[in-house]
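Working notes, beginning with the structure itself.
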Amino acid sequence: MVAEAALLLTSGRPVRAHTVHRFASATTAQLPRSNSRYRDPTTEAVGGMSQSLVDDNNWANPPFSLIPLVLRLINAQRAAATVLVPVWRAQP
0 MVAEAALLLT SGRPVRAHTV HRFASATTAQ LPRSNSRYRD PTTEAVGGMS QSLVDDNNWA
60 NPPFSLIPLV LRLINAQRAA ATVLVPVWRA QP
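Numbering (numbering that gives the first Met the number 0), first residue to last: 0 to 91.
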């Protein structure tokens with residue numbers, strides 16, 4: 000897999016630290032606060048799609064199949080977020 004340059008899109012808001020890691024697990028969470036697909040002792044909520052994103056600066060690394068839904072959710076809630084979206088040209 001070849002890494003390519005990423006495009007950072009901003010909403011004009013000031014840059015601030017991420018406050019919650021969406022779509023994390025106990026082993027992948029990069030922040031003290033996280034949401035997991037399944038219940039585990041370290042997560043504050045289950046399911047990144049069912050949470051309000053508004054009051055946080057969100058870090059999200061969703062499954063590929065959820066990327067369009069996550070982008071729509073962020074837009075609908077007018078939330079601040081950084082979403083990891085890989086460039087994978089062979090993926091349909």
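Just so it is clear, CB atoms sit at the ideal spot from N, CA and C, and this is done for glycine as well.
None of the values given here were measured: they were computed from a predicted structure.
Next on the checklist: Using only the alpha-carbon positions, how far apart do residue 52 and residue 40 sit?
Outcome noted: 21 Å
Checklist entry - Which residues in the same chain as residue 68 place their Cβ atom closer than 7 Å to its Cβ, once the five residues preceding and following it in sequence are excluded? => result 48
Item to check | Beta-carbon proximity list for residue 60, same chain, < 7 Å, skipping 5 on both sides | outcome: 22, 83
Item to check | Candidates 19, 86, 65, of which the one nearest residue 31 by Cα | outcome: 19
Checklist entry - Counting along the chain, where does the beta strand (DSSP E) carrying residue 23 start and finish? => result 19-23
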